[in-house]
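Enquirer: Once you've had a glance at the structure underneath, I'll fire off some questions.
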Amino acid sequence: MSIDGEPGDADDTAAPLDAVALTLAGHPIPVATFGDFRTAARDLIVRRVPPESVQWAGSEAPHGDLLSAATSGLVPPLPADLLAQPPAPPPRIPRSLMEMLQSAACYRAPDRWAFLYKIVWRWQQGQQEILSMADEDGARLQHMVKAVRHEEHDMHAYLRFRERPPEAGDPRFVAWFEPAHDVLPQVAQHFARRMGKTSWMIGTPEATVLWDGHTLHSTGPLMRSAADVEDSGEALWLTYYRSIFNPARLNADIMHGHIRTRFWKNLPEAAVVPHMVSQAAAGARRVGQLDTVGKRGGTTIPIAAEKAAPERQQPSSLDDCRRCDLWQNATQAVAGQGARHAKIMLVGEQPGDQEDLAGKPFVGPAGALLDKAMEEAGMDRRKVYVTNAVKHFKWEPRGKRRLHKTPAQKEVMACHYWLETELETIAPDIVVALGSTALKSILQSGSVTMKDYMGQPFQHDGRWVVVTYHPSYALRVPSAEARHEAVAAIVAALKLAQRLADGETG
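Residue 1 is where the sequence shown starts when you use UniProt numbering, and the numbers rise one by one after that.
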């Protein structure tokens, strides 16, 4: 998509800026919204203005983030023939990068606009490594996006609406929050969907949003703190909170660990928690737990360990998955792709470097080898479903490269939820396990080995399973002879899977 965006974007009405003229005059470019930045960045890119020659002025740096450098002569002068040069083509930014830029624009940093323009400039120069965590700018961009998303999540979780008396009129509910980043517009959209036609207002130190039941209205700050909000029902809530507080089970460190310190001051229960904690330390634990309770023998009930654990809510989408820590250093989750009701499903280990950047499975060197093997086996990739046992790229740095690192069994088991979901949705008749990790995930066992299953299909959970090498293994083996044997084994397994799909079991 173009950096100009698309119709319907919230920033499309931003006033145009003559960014090139301001830069030529040595003035900072005023930016208040992402729309302002997008307009200015497009003009600067077209006129080939490098990042180091541009000053930006935003709310954190109203006089320009490079003003001090400019007055000391550190900003490189623009070429004298800048306007005489032919314009560059307008920048074409992929949707995924545009969404990252728009999210990172909410991150409060004095140089955020200068940094985002640097990202756009590098992308226009063909430096696609800016999407990689191994790149310094790419790592910072990923950090900014994640910080903004975390702040949105925290605001969803810890914002507390207080009810106003009916005779006070609209808004019916009022809340106060102090976000670390500029996430109020996104969060307001969330609560507008959640609260229907009920009117409410959210105040922050920087801005205010009002929902009248139909339309969101934005303005400057109207409140000074949570003290400006009165709630007659808060006393009832605090009475309930005191009644469910069990001093015998108090762990103050865990309590404060679950909720970061800066959120406590605006929570209603924060007014009573210190007193209840001090009471617990002074002896209230004895009231909450009698000594004789722990001495009772009770009755042993036989139950499997996995059934004893409570049912936990699963993530609603793969992008939101936090079942293990691999998401923290991956560019994105990589879901499976292919026919929605394929008879054959190919399961690999995990995305590689190129798959992590593209968001698609088997598009790198191993994918190219797999395509050739499928063609030789007479298998149409468009009619099969291709996925991985682990959905995030696990890697370790080697200079500027990201080298593959085999997932641990706990990570394989954590990600089995998504593979199981794909198996239920696609319902294949045959599953081809490409490598040891895929086999361990399918059988949910860390002790199985490929040599016990190679060349002999077997039934598991009502479907055939065929085991063979992962294509990356054929790329790694040192000798040409071993590579030829590995590829031949992969082709043979794919042919076997195709025969099983065609109903040949002999």
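Ideal Cβ placement from N, Cα and C applies to all residues, glycine included. Small disclaimer: the values here were computed from a predicted structure and weren't measured.
State the Cα-Cα distance for the pair residue 413 and residue 391, rounded to the nearest angstrom.
Expert: If you number the sequence shown from 1, residue 413 lands on position 413. If you number the sequence shown from 1, residue 391 lands on position 391. Roughly 12 Å between the two C-alpha positions.
Enquirer: Are the CB atoms of residue 335 and residue 318 within a distance shorter than 7 Å?
Expert: Looking up residue 318 in the sequence shown gives position 318. Looking up residue 335 in the sequence shown gives position 335. Residue 335 sits close to residue 318, with the two beta carbons spaced by under 7 Å.
Enquirer: Using the Cα positions of residue 19 and residue 36, report the straight-line distance between them to the nearest angstrom.
Expert: The residue you call residue 19 lines up with position 19 of the sequence shown. The residue you call residue 36 lines up with position 36 of the sequence shown. For residue 19 and residue 36, the distance between alpha carbons rounds to 10 Å.
Enquirer: Just the Cα atoms here: how many angstroms apart are residue 73 and residue 316?
Expert: As a first step, residue 73 is located in the sequence shown; it is residue number 73 there, counting from the start. As a first step, residue 316 is located in the sequence shown; it is residue number 316 there, counting from the start. For residue 73, the pLDDT reaches just 44, beneath the cut-off of 50, and the residue's location in the model is therefore unreliable, leaving the point undetermined.
Enquirer: Identify the residues that DSSP records as bridge partners of residue 218: which are they?
Expert: Numbered from its first residue, the sequence shown carries residue 218 at position 218. According to DSSP, residue 218 bridges with 209.
Enquirer: Rounded to whole angstroms, what's the CA-CA distance from residue 110 to residue 55? Just pull it up for me.
Expert: Residue 110 sits at position 110 when you count from the first residue of the sequence shown. Residue 55 sits at position 55 when you count from the first residue of the sequence shown. The straight-line gap from Cα to Cα measures roughly 12 Å.
Enquirer: Who are the near neighbours of residue 290 in its chain, counting only those whose CB is closer than 8 Å to its CB and skipping five residues on each side?
Expert: Here residue 290 is taken as the residue at index 290 of the sequence shown, counted from 1. At residue 290 the pLDDT is 48, less than 50, meaning the model places this residue with poor confidence and gives no usable figure here.
Enquirer: Quick check: the Cα distance between residue 483 and residue 417, rounded to an integer number of angstroms?
Expert: Here residue 483 refers to the residue found at position 483 of the sequence shown. Here residue 417 refers to the residue found at position 417 of the sequence shown. Whole-angstrom Cα-Cα distance: 33 Å.
Enquirer: Could you tell me which whole beta strand (DSSP E) segments of length 3 or greater appear in the region 391-419?
Expert: 395-398 and 401-404
Enquirer: Going by DSSP, what residues sit across from residue 58 in a beta bridge?
Expert: Start at 1 with the first residue of the sequence shown, and residue 58 comes out as number 58. Note: residue 58 sits in no beta bridge, so no partner.
Enquirer: Between which two residues does the alpha helix (DSSP H) harbouring residue 496 extend?
Expert: Sequence index remark: in the sequence shown, residue 496 carries index 496 (1-based). Per DSSP, residue 496 belongs to the alpha helix (DSSP H) from 480-501.
Enquirer: Answer with buried or exposed for residue 341, where buried requires no fewer than 16 other C-beta atoms within 10 angstroms of its C-beta.
Expert: Translated into the one-based positions of the sequence shown, residue 341 becomes position 341. It counts as exposed.
Enquirer: What span of residues does the alpha helix (DSSP H) with residue 463 cover, start to end?
Expert: Against the sequence shown, residue 463 aligns to sequence position 463. Taken as a continuous stretch (DSSP letters only), residue 463 belongs to no alpha helix (DSSP H), being part of the beta strand (DSSP E) at 463-468.
Enquirer: Kindly indicate which three-state DSSP category residue 385 falls into: helix, strand or coil?
Expert: Taking the first residue of the sequence shown as position 1, residue 385 is located at position 385. Here residue 385 sits in strand by DSSP.
Enquirer: Which residue comes first and which comes last in the beta strand (DSSP E) that contains residue 442?
Expert: Within the sequence shown, residue 442 is the residue found at index 442, counting from 1. Looking at the DSSP string, residue 442 is not in any beta strand (DSSP E); the run it does join, the alpha helix (DSSP H), is 436-443.
Enquirer: Does DSSP put residue 504 in a helix, in a strand, or in coil?
Expert: Residue mapping note: residue 504 aligns to position 504 of the sequence shown, counting from 1. The answer is coil: DSSP assigns residue 504 none of H, G, I, E or B.
Enquirer: Give the secondary structure of residue 455 by DSSP, where H, G and I count as helix, E and B as strand, and everything else as coil.
Expert: The residue given as residue 455 occupies position 455 in the sequence shown. Correct three-state label for residue 455: coil.
Enquirer: Is residue 502 buried or exposed, if buried means 16 or more other CB atoms sit within 10 Å of its CB?
Expert: Counting from 1 along the sequence shown, the entry for residue 502 is found at position 502. Exposed, since its Cβ has fewer than 16 Cβ neighbours within 10 Å.
Enquirer: Using three-state DSSP, classify residue 345 as helix, strand or coil.
Expert: Here the question's residue 345 lines up with position 345 in the sequence shown. Residue 345: strand per DSSP, three-state reduction.
Enquirer: Give me, in chain order, the residues of the same chain whose beta-carbon lies closer than 8 Å to that of residue 363; leave out the 5 immediate sequence neighbours on both sides.
Expert: Here residue 363 corresponds to residue number 363 of the sequence shown, with the count starting at 1. The answer, listed in chain order, is 354 and 355.
Enquirer: Have a look at 464, 443 and 33 and flag the residue whose alpha-carbon is nearest the alpha-carbon of residue 185.
Expert: Along the sequence shown, one-based indexing puts residue 185 at 185. With distances taken between Cα atoms, residue 185 lies closest to 33.
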